[in-house]
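Residue numbers (UniProt numbering), protein chains in the order written: chain A, 1 to 202; chain B, 1 to 202; chain C, 1 to 202. A virtual CB, placed ideally from N, CA and C, is assigned to each residue, including glycine. Computed from a prediction, not measured in an experiment: that's the story for all the values here.
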Amino acid sequence: MNTIGLVAFALVGSSKAIREEFDVFGITIVGLAMAFAGGATRDLLVTRVPLALQSPIEIGLGLLGVSLAIALSVVLPSPDTHPITLVSDAIGLAAFTTTGAIVATEAGVSAFGVVAIGTINAVGGGAFADILLDKSPFILFDDFYASCAVFGAGAYVIAGTVGASGSTAAGVCAVVTVVTRLVAVTYDWNLPTVQGLGLLNH
Amino acid sequence: MNTIGLVAFALVGSSKAIREEFDVFGITIVGLAMAFAGGATRDLLVTRVPLALQSPIEIGLGLLGVSLAIALSVVLPSPDTHPITLVSDAIGLAAFTTTGAIVATEAGVSAFGVVAIGTINAVGGGAFADILLDKSPFILFDDFYASCAVFGAGAYVIAGTVGASGSTAAGVCAVVTVVTRLVAVTYDWNLPTVQGLGLLNH
Amino acid sequence: MNTIGLVAFALVGSSKAIREEFDVFGITIVGLAMAFAGGATRDLLVTRVPLALQSPIEIGLGLLGVSLAIALSVVLPSPDTHPITLVSDAIGLAAFTTTGAIVATEAGVSAFGVVAIGTINAVGGGAFADILLDKSPFILFDDFYASCAVFGAGAYVIAGTVGASGSTAAGVCAVVTVVTRLVAVTYDWNLPTVQGLGLLNH
Chain A
1 MNTIGLVAFA
11 LVGSSKAIRE
21 EFDVFGITIV
31 GLAMAFAGGA
41 TRDLLVTRVP
51 LALQSPIEIG
61 LGLLGVSLAI
71 ALSVVLPSPD
81 THPITLVSDA
91 IGLAAFTTTG
101 AIVATEAGVS
111 AFGVVAIGTI
121 NAVGGGAFAD
131 ILLDKSPFIL
141 FDDFYASCAV
151 FGAGAYVIAG
161 TVGASGSTAA
171 GVCAVVTVVT
181 RLVAVTYDWN
191 LPTVQGLGLL
201 NH
Chain B
1 MNTIGLVAFA
11 LVGSSKAIRE
21 EFDVFGITIV
31 GLAMAFAGGA
41 TRDLLVTRVP
51 LALQSPIEIG
61 LGLLGVSLAI
71 ALSVVLPSPD
81 THPITLVSDA
91 IGLAAFTTTG
101 AIVATEAGVS
111 AFGVVAIGTI
121 NAVGGGAFAD
131 ILLDKSPFIL
141 FDDFYASCAV
151 FGAGAYVIAG
161 TVGASGSTAA
171 GVCAVVTVVT
181 RLVAVTYDWN
191 LPTVQGLGLL
201 NH
Chain C
1 MNTIGLVAFA
11 LVGSSKAIRE
21 EFDVFGITIV
31 GLAMAFAGGA
41 TRDLLVTRVP
51 LALQSPIEIG
61 LGLLGVSLAI
71 ALSVVLPSPD
81 THPITLVSDA
91 IGLAAFTTTG
101 AIVATEAGVS
111 AFGVVAIGTI
121 NAVGGGAFAD
131 ILLDKSPFIL
141 FDDFYASCAV
151 FGAGAYVIAG
161 TVGASGSTAA
171 GVCAVVTVVT
181 RLVAVTYDWN
191 LPTVQGLGLL
201 NH
């Protein structure tokens, strides 16, 4: 799952950079940032050297995603919105949320900390890629995306609280994340804005 | 003071996100980022796990600020510029500058490092919130805000140098920060730009 | 070399902030961010307290660069594109890449990690300054700049692999970085975009 996620995340990041007419260095950096910045932030928060700087295989997977984005951009206008990419991205979201929740638990943070680090691991890379592209992170105003990571990591915490083993909790986290994400994509879920709730009377 | 600051900072961040029509997840994240990103950056700089990830009470205060922003937005167009918010924000600025200066002193950095970490603790959250909103951090070109933290942390260093106890230095820091900030708000102080100084002759 | 680099980087960052009409606090912060954020990120990635927070001399050099930017802006429209600045900046790029590669090697990361940390040390400050100015980092779509750091750090890794001593490898890194940068500036090199390669047929 982690393998699929790294390739899919790098592909999505690079596709966005291609659309903004970044040069090949920029395309590579945005792709790698999307794939690795979430995990690197997770590692910084628990004060350890980012794993991506130590594992050549992971970087290879990221570069594969970057290459795929460039190759596919020749034939497809938006390889990052292709159904195969959306499913791979959902799998990556689940894998990254689960890894983050496990690392956070080992670091001994609070229940909120576990949800926060799981979510940051999953969506931090995408948020950082959007900042590099000079946009607001899309997760903050569009789509039902980061919420899936919050639900997944929340399910992980609850499973652990009711006595599930670590691997059961991890499985629950991955399933909840990927299922809510695929349902959200299928039915085009969105969170409301305050304006959308019709509450403002000024 | 720290309690008031967390609520006020989260309220200000969330109010900005509401104005940009972010969804409720984005509103929550920008509010929490404004309240906690400065302290988290401080903790990363002295290489320890961010306190906010370990303390459920602090997160509760942040979420209270987010809820207040949503509730108040129904009746007020700009709850973040209400006089009560401005005073609470000044108190938070002072509390965060003082905490940052104390943590930095314990970490054994230089006098410049103490001022830098005190200021980052106080204004880093607001700067990060503005980046999430795809703006330049307001502290860099507007208002007399970060300067108050610089003065407060500078007073802390001077107090320590002339032999004041830790708690006296902390008190001096808090008073200098909150007083300069309230005076700056009252008299609408601004720092000059190079253009404003009328120096450019090209 | 490091001395020249700190002054030149701070000068370039502050010049950009002056052009955006930031106030004097903002000008100072963007200049210091450009000079120190790359090294601070390097230190965070290998989990140590940033050196800049411990060394008053380095901060003094950064503030000298900020002052030079303000002074020169009175007589020059763009001190950051003056030939002397471009050469000093290239020297700084080489010094920072070399320092980053050495620190990364000591931290025991992979070959990719050495290139990544060398490059981040060299260009991370400029990228962060651009984010503060609410722009996409210029290194991602313009110019042949970060690539010089990648080549330099790559040469460092190769030199180490074929048995060169640490100081020889450092010398090779610095020479490769500064020479490729000066050649790139002279001949106005650019990396292609995917669009520029004429590959897109949609």
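Assuming residue i contacts residue j (C-beta within less than 8 Å), just tell me the rounded distance between them.
i: Pro-79(A); j: Ser-15(A); result: 5 Å
i: Ala-164(C); j: Ala-95(C); result: Actually they do not touch by this definition, with Cβ atoms about 19 Å apart.
i: Thr-97(C); j: Ala-149(C); result: 4 Å
i: Thr-47(A); j: Arg-48(B); result: 7 Å
i: Ala-116(B); j: Leu-61(C); result: Wrong, their Cβ atoms sit about 15 Å apart, outside the cutoff.
i: Val-30(A); j: Leu-191(A); result: That pair is no contact at about 25 Å.
i: Val-7(A); j: Leu-68(A); result: 7 Å
i: Val-123(A); j: Ile-139(A); result: 5 Å
i: Ile-131(C); j: Ile-158(B); result: Incorrect: roughly 33 Å between the Cβ atoms, too far for contact.
i: residue 204(C); j: Gly-125(C); result: What the structure shows of chain C is the stretch from 1 to 202, and residue 204(C) is not part of that stretch, so it cannot be assessed.
i: Leu-44(A); j: Leu-44(C); result: 6 Å
When you compare the CB of residue i with every CB in chain A, is at least one pair closer than 8 Å?
i: Val-109(C); result: yes
i: Ile-131(C); result: yes
i: Phe-25(C); result: no
i: Val-194(C); result: yes
i: Ile-59(B); result: yes
i: Phe-141(C); result: yes
i: Ile-18(B); result: yes
i: Lys-137(B); result: Before going further, note that residue 137(B) is Pro rather than Lys in the sequence given. False, the Cβ-Cβ gap to chain A never drops below 8 Å.
i: Val-150(B); result: no
In whole angstroms, what is the alpha-carbon distance linking residue i and residue j?
i: Ala-10(B); j: Ala-90(B); result: 13 Å
i: Ile-18(B); j: Thr-81(B); result: 14 Å
i: Gly-26(C); j: Leu-76(A); result: 43 Å
i: Tyr-156(B); j: Ala-107(B); result: 15 Å
i: Ala-101(A); j: Gly-118(A); result: 5 Å
i: Ala-33(B); j: Phe-141(B); result: 21 Å
i: Val-179(A); j: Ile-70(B); result: 30 Å
i: Ala-104(C); j: Ala-153(C); result: 10 Å
i: Pro-137(C); j: Ala-129(A); result: 11 Å
i: Leu-86(C); j: Gly-5(C); result: 11 Å
i: Leu-93(B); j: Phe-144(C); result: 41 Å
i: Phe-112(C); j: Phe-151(C); result: 12 Å
i: Lys-135(A); j: Thr-168(C); result: 43 Å
i: Gly-166(B); j: Ile-120(C); result: 37 Å
i: Ser-73(B); j: Trp-189(B); result: 27 Å
i: Gly-171(C); j: Gly-65(A); result: 34 Å
i: Thr-177(C); j: Ala-37(C); result: 20 Å
Consider the Cβ of residue i: report whether some Cβ of chain B lies at a distance smaller than 8 Å.
i: Pro-79(A); result: no
i: Arg-48(C); result: yes
i: Leu-64(C); result: no
i: Ile-117(C); result: no
Any beta-carbon of chain C closer than 8 Å to the one on residue i?
i: Phe-112(B); result: yes
i: Asp-188(B); result: no
i: Leu-93(A); result: no
i: Leu-53(A); result: yes
i: Leu-44(A); result: yes
i: Pro-83(A); result: no
By the three-class DSSP mapping on this structure, what secondary structure does residue i have?
i: Asp-23(A); result: strand
i: Thr-193(B); result: strand
i: residue 207(C); result: Outside the shown range of chain C, which is 1 to 202, sits residue 207(C), and nothing can be said about it.
i: Pro-79(C); result: helix
i: Val-87(B); result: helix
i: Val-179(A); result: helix
i: Ser-55(C); result: coil
i: Lys-16(B); result: helix
i: Tyr-145(B); result: coil
i: Ser-165(A); result: coil
i: Asp-134(B); result: coil
i: Met-34(A); result: helix
Within 10 angstroms of the Cβ of residue i, are there 16 or more other Cβ atoms? Answer buried if so, exposed if not.
i: Leu-197(B); result: exposed
i: Glu-21(C); result: exposed
i: Thr-161(B); result: exposed
i: Pro-50(A); result: buried
i: Ile-57(B); result: exposed
i: Asp-23(C); result: buried
i: Thr-28(A); result: buried
i: Val-109(A); result: buried
i: Thr-186(B); result: exposed
Just to make sure I have the definition right: I need the residues of chain E whose C-beta is within less than 7 Å of the C-beta of residue i. Which are they?
i: Phe-22(A); result: Given the protein chain composition of this structure (A, B and C), no chain E is represented.
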